[in-house]
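Single-structure report; data block below.
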Amino acid sequence: MSVGVGVTGMGMVSAIGLSVAENLSSLATSRCGITRVDNFETRHRDNVLVGEIKLSNTALEERIGLIKGHGVTRTGMLGILAAREAVQQAGLLFTDPSVRTGLISSTSVGGMDVTEKYFYSYTQDPELQHYILSHDAGVSTQQIADDLGLKGTVTTISTACSSAANAIMLGARLIKSGRLDRVIVGGTDALSKFTLNGFNTLMILSDTYCKPFDQNRKGLNLGEAAAYLVLESDALIAKEQKPVLAYVAGYGNANDAFHQTASSENGEGAFLAMQKAFAVSELVASQIDYINAHGTATPNNDLSEGRALLRAFGNGVPTFSSTKAFTGHTLAAAAAIEAVYSILAIQEGMVFPNLNFETPMEEFELIPQADLLRRDVNYVLSNSFGFGGNCSTLIFGRY
Amino acid sequence: MKGKCFIQGIGAVTAQGVWSLDFFNQATEITQAKAYAQQPSYKELIAPNMIRRMSKGIKMGIFAAQQALDEAGVEDLDGVITGTGLGCLEDSEKFLKNILDNDEEFLTPTSFIQSTHNTVGAQIALRLGCKAYNFTYVNGAVSFESALLDSLQQLEAGDAQSVLVGGIDEISGHTFTLKQLIGEVKSDEVCETIRESETRGVNYGEGATFFVLRSSPTMESYAEVVDVCIQNRLELGELKEFIDGFLQRNKVERAAISAVVIGNTGDMGYDYYFDRFGRLFEDRSQLYYKHFYGHSDVASAFGMATAAYVLKTQEIPEEIVWKTGKQMPLNYVLLYNQYKGRDHSLVLLKRS
Amino acid sequence: MEELKAELKGKIIEVLNLEDITVEDINDDDSLFGDGLGLDSIDALELIVLLDKGYGIKLSDPKQGKAIFESINTMADFISKNRTK
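Order-wise, the sequence lines are chains P, U and V. So the first sequence is numbered by the UniProt record's numbering: it starts at 1 and just counts up by one. So the second sequence is numbered by the UniProt record's numbering: it starts at 1 and just counts up by one. So the third sequence is numbered by the UniProt record's numbering: it starts at 1 and just counts up by one.
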């Protein structure tokens with residue numbers, strides 16, 4: 001009999017709110033966070049829209065209480081804010097060494113937001129050099145662990161846009177295998193010129209508000225965010241008598257093995273990931289009440305994902321929506337913020353709307369939930385796919 | 001059913017060339033601050049249409065992976081799990097420079113696509129048509145050990161029967177100038193082996209090391225991976241407890257360890273952790289490997305190859321002896337690594 | 001026109017890093033994608049930048065590339081009609 005894994009805390013920052021409560025309020029009132037880029041200079045400012053957190057780095061430093069010379073990049077700062085909230089909700093103290101604790105974070109840009117500012121000036125300006133080491137992806141995770149005062153199993157996953165789903169998956173498995181009693185899992189990614197220009201070269205950025213699963217979708221809006229969940233073993237939860245927000249019912253990862261960036265036409269990897277998640281959860285497709293889709297609003301993703309949904313659910317595709325029109329695509333953090341949204345859907349009995357949807361896609365008859373829907377939600381399936389064919393599915397259930 | 005974890009194949013591309021059974025007696029000690037890998041010919045392995053875009057990190061990864069697969073004779077993989085500290089640095093740097101130098105104009109996608117940390121794992125899967133589980137870890141000096149931990153868990157849980165696991169890191173221009181600027185990497189003028197080192201910083205070595213792991217052994221198994229453990233921070237005074245706790249969980253006495261493999265780099269700032277570790281295994285053979293591989297976040301993968309070699313052959317090549325210990329049958333080998341007092345790891349291998 | 005075609009072949013080989021292929025290996029009407037030269041969607045994006053950088057032509061929709069990049073002939077034809085530099 002495998003050990004159950006409960007979620008006892010959640011924390012997040014995104015373009016639609018600096019806490020879980022603020023995010024919920026935006027989701028429930030269809031308030032999207034998509035704007036022009038304000039926090040850094042870019043020549044693409046008038047051509048792209050982003051889900052940007054409207055706090056400058058200085059404002060973030062103050063909020064966290066960092067002192068000069070700290071070396072924490074925006075990615076790390078967003079992560080610290082979100083992780084603190086999650087840990088606070090779960091009421092974690094790191095004083096008892098017998099409770100084996102871990103932190104599995106994820107990021108794709110790491111400290112790139114700082115590197116792209118100072119790459120050439122580092123050699124002339126010793127004042128900046130404390131940031132040099134902050135570039136490496138794992139450093140933001142170290143900084144979050146240090147901020148929390150956490151010592152233990154700490155690592156970082158980077159599988160592009162499915163990263164945080166994989167962090168949650170690894171965390172759940174570390175608890176199930178008995179290696180850890182509790183683990184903080186999630187991801188963080190700041191907006192950067194690097195990713196903005198990168199996605200621009202792929203010609204998959206929309207010049208207007210993204211429209212997931214719409215016939216006339218033109219691409220994605222990039223975003224930035226961080227979110228963390230606290231996962232704890234059944235045994236620890238029972239011992240500490242903690243309220244549980246939801247449990248991690250299933251998970252699966254598969255590789256599309258089709259193309260370095262694009263998804264296959266029939267959504268093979270996505271289909272396999274969902275199948276694996278069903279197998280782990282011992283659920284059948286018809287038990288899923290809501291799908292939080294990856295739904296980036298690129299022509300390729302939504303077609304491929306739609307086809308995978310049809311393969312996995314047949315004619316019974318449940319209510320689904322992509323929340324990326326609210327937040328933008330937050331890359332490594334996406335699966336973490338969407339895990340929080342999935343759990344909120346269960347807690348609040350709400351399916352959050354797929355904003356900006358107008359015209360169904362011609363390839364199939366899949367219509368996303370366009371308005372807020374109040375209904376009982378017991379099981380939510382959340383998809384996240386990344387470059388390199390990386391496909392991940394998580395299933396959360398009512399506890 | 002609970003599986004175990006056996007090393008069935010090894011592949012590597014290093015500053016000494018590629019992995020072979022006479023690797024150690026052909027190797028020469030690294031004295032340069034940046035040790036570039038000797039690149040094998042890739043043409044036989046990678047289709048021209050794929051190779052033309054690949055940076056050396058991807059090519060090294062594919063080569064080492066295939067070498068391990070060939071040796072293990074495994075075709076069906078249930079997972080491809082990689083670790084990298086710095087990721088696809090060459091492509092990241094190339095794309096970043098293009099942004100900065102051309103003021104965000106005339107940028108092309110290839111280097112951006114390949115700057116993603118999971119590129120090597122993805123390209124291996126793409127080339128093999130492998131739709132299985134595919135993860136990439138990027139956490140400094142425990143990047144490889146994280147990948148190993150994941151592999152071990154999957155094999156133990158019966159979720160996988162065979163897994164490809166490895167570590168890759170590459171050297172690129174400006175990033176390394178910066179690393180030298182802040183003393184992480186020794187400066188180009190310094191020319192010291194690990195044993196001679198009197199300065200701070202490391203001799204950095206790029207490369208890739210891969211393993212095929214299987215849940216059941218064969219006559220050809222190198223060794224069994226008994227357990228792995230990672231820890232983000234550890235005070236020097238906590239080291240003994242950390243090691244003893246790990247061994248206790250695995251029901252192995254410290255006295256049962258026949259040899260240890262340490263990740264010392266010659267960095268005067270932090271090698272004292274290895275000295276302290278060594279004192280706990282005073283009369284045992286202490287082996288090292290970064291004098292041949294160089295240091296990188298995933299050099300410890302090569303450390304595991306070294307330990308596996310020793311267990312399989314039951315011989316310790318004198319070239320890898322840091323400190324001589326008493327002669328005994330080699331049953332358990334314990335690996336310890338850390339970098340700058342952070343990201344500590346222990347890996348326990350057993351003769352199979 | 002012939003000059004432009006030769007120039008294009010050279011640039012394509014360079015930009016796409018087509019090792020082992022020379023200008024002589026590419027015929028004007030060879031298909032660049034699929035069975036011909038075997039280029040793919042990432043190469044198409046590289047070629048879009050080549051049009052912008054080399055000839056001052058901006059494509060906003062990658063789908064436009066399909067017809068333009070069919071062969072050296074179609075590319076040269078499109079460039080000569082639309083170039084701004």
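Glycine included, C-beta positions come from ideal geometry on N, C-alpha and C. Given the structure is predicted, the values throughout are model-derived calculations rather than measurements.
Give the range of the beta strand (DSSP E) segment to which Leu-231/P is assigned.
The continuous beta strand (DSSP E) containing Leu-231/P extends over residues 225-233.
Taking Asn-203/U and Gly-266/U to be in contact with their CB atoms under 8 Å, please state how far apart those CB atoms are, rounded to whole angstroms.
Confirmed, Cβ separation roughly 7 Å.
Mind listing, in chain order, the continuous alpha helix (DSSP H) runs of no fewer than 4 residues lying wholly within the segment 135-210 of chain P?
Every alpha helix (DSSP H) stretch that sits fully inside the segment 135-210 of chain P and reaches 4 residues is listed by chain position as 137-148, 163-176 and 193-201.
Determine, using beta carbons only, whether Ile-230/U and Thr-107/P come nearer to each other than 8 Å.
The answer is no: Cβ separation not under 8 Å.
Near-chain U residues of the segment 43-54 of chain V - C-beta to any C-beta below 8 Å
The segment 43-54 of chain V vs chain U, Cβ under 8 Å: Leu-45, Glu-46, Val-49, Asp-52 and Lys-53.
Taking C-beta to C-beta, are Thr-188/P and Ser-105/P nearer than 8 Å?
In this structure, Thr-188/P lies near Ser-105/P, with their beta-carbon atoms less than 8 Å apart.
Can you tell me whether DSSP reads Glu-224/U as helix, strand or coil?
It is a strand residue.
Measuring only between beta-carbons, confirm whether Pro-48/U sits less than 8 Å from chain A.
Protein chains P, U and V are contained in the structure displayed, whereas chain A is not.
If we ignore side chains and look at the alpha-carbon of each, how far apart do Met-1/P and Ser-177/P end up?
Any reading at Met-1/P must be qualified, since the residue scores a pLDDT of 36, below 50, and its modelled position is unreliable; the value itself is stated next. If you take the alpha carbons of Met-1/P and Ser-177/P, they lie about 11 Å apart.
Suppose you measure from the CA of Pro-360/P to the CA of Leu-164/U; what does that come to, to the nearest Å?
Straight-line spacing of the CA atoms in Pro-360/P and Leu-164/U works out to 42 Å.
Just the Cα atoms here: how many angstroms apart are Ser-264/P and Met-77/P?
Cα-Cα distance, rounded: 36 Å.
Suppose contacts are defined by Cβ-Cβ distances below 8 Å. Is Asn-301/P in contact with Phe-364/P by that definition?
Result no, Cβ atoms of Asn-301/P and Phe-364/P do not sit closer than 8 Å.
Taking only the alpha-carbon atoms, compute the straight-line gap between Thr-14/U and Ala-64/U and give it to the nearest angstrom.
Their Cα atoms are separated by approximately 10 Å.
I'd like to know whether the C-beta atoms of Gly-11/P and Ala-86/P end up nearer to each other than 8 Å.
Yes, Cβ-Cβ distance for Gly-11/P and Ala-86/P is below 8 Å.
Would the segment 129-148 of chain P count as touching the segment 212-220 of chain U if we require 3 or more Cβ pairs under 8 Å?
Look at the beta carbons and you see the segment 129-148 of chain P not touching the segment 212-220 of chain U: under three pairs across the two are nearer than 8 Å.
Among Asn-57/P, Glu-62/P, Gly-152/P and Ile-80/P, which one has its Cα closest to the Cα of Phe-94/P?
Of the residues Asn-57/P, Glu-62/P, Gly-152/P and Ile-80/P, the one whose Cα lies closest to the Cα of Phe-94/P is Gly-152/P.
Which whole-angstrom value is the C-beta distance of Leu-45/V and Thr-108/U, which I expect to be below 8 Å?
At roughly 7 Å, the Cβ-Cβ gap stays under 8 Å, so Leu-45/V and Thr-108/U are in contact.
Using a Cβ-Cβ cut-off of 8 Å (strictly less than) and excluding sequence neighbours within five positions of Gly-69/P, which residues of its own chain qualify?
Cβ neighbours of Gly-69/P beyond the five flanking positions: His-130.
Where the beta strand (DSSP E) containing Thr-209/U begins and where it ends
It spans 207-214 - the beta strand (DSSP E) in which Thr-209/U sits, taken as one unbroken run.
Any C-beta of chain V under 8 Å from that of Phe-63/U:
No, because no Cβ of chain V sits closer than 8 Å to the Cβ of Phe-63/U.
Classification of Gln-88/P by the beta-carbon crowding that lies within 10 angstroms, buried from 16 upward
The residue in question, Gln-88/P, is exposed, as its Cβ has fewer than 16 Cβ neighbours within 10 Å.
C-alpha gap between Val-72/P and Glu-232/P, whole angstroms:
Val-72/P and Glu-232/P: Cα-Cα distance of roughly 28 Å.
Expected contact under 8 Å - CB spacing of Thr-75/P and Val-109/P to nearest Å:
Val-109/P and Thr-75/P do touch by the CB rule: their CB atoms are close to 6 Å apart, below 8 Å.
I need the boundaries of the alpha helix (DSSP H) containing Ile-243/U, first residue and last residue.
Per DSSP, the unbroken alpha helix (DSSP H) holding Ile-243/U starts and ends at 239-249.
Can you tell me where the beta strand (DSSP E) with Met-10/P in it begins and where it stops?
For Met-10/P, the enclosing beta strand (DSSP E) has its first and last residue at 5-13.
Separation of Ala-312/P from Gln-275/P, as counted between CA atoms
Going from the Cα of Gln-275/P to the Cα of Ala-312/P covers about 7 Å.
Determine, using beta carbons only, whether Asp-20/V comes closer than 8 Å to chain U.
Closer than 8 Å to some Cβ of chain U, the Cβ of Asp-20/V qualifies, so yes.
Please report the distance separating the alpha-carbon of Ala-12/U from that of Ile-171/U.
Taking the straight line joining both Cα atoms gives about 16 Å.
Under 8 Å, do Gly-173/U and Glu-93/U count as touching if we go by C-beta distance?
Contact check for Gly-173/U against Glu-93/U passes: the beta carbons are separated by less than 8 Å.
Tell me the residue span of the beta strand (DSSP E) that contains residue 357/U.
Residue 357/U cannot be examined here, being either before or after the span of chain U that is shown, 1 to 352.
Please specify which runs of the beta strand (DSSP E), each continuous and at least 3 residues long, are wholly inside the segment 268-355 of chain P, giving them in chain order.
Counting only unbroken stretches of 3 or more residues, the beta strand (DSSP E) elements lying wholly within the segment 268-355 of chain P are 290-292 and 319-321, in sequence order.
Would you say Gly-38/V faces chain U, with C-beta separation under 8 Å as the test?
It does; some Cβ of chain U falls within 8 Å.
From the DSSP output, read off the bridge partner residues of Gly-17/U.
Beta-bridge partners of Gly-17/U (DSSP): Thr-14/U.
Closer than 7 Å at the beta carbon, the chain P residues around Tyr-137/U
Chain P residues near Tyr-137/U: Thr-155, Thr-156 and Ile-157.
Report the three-state DSSP secondary structure of Gly-85/U (helix, strand or coil).
Here Gly-85/U sits in coil by DSSP.
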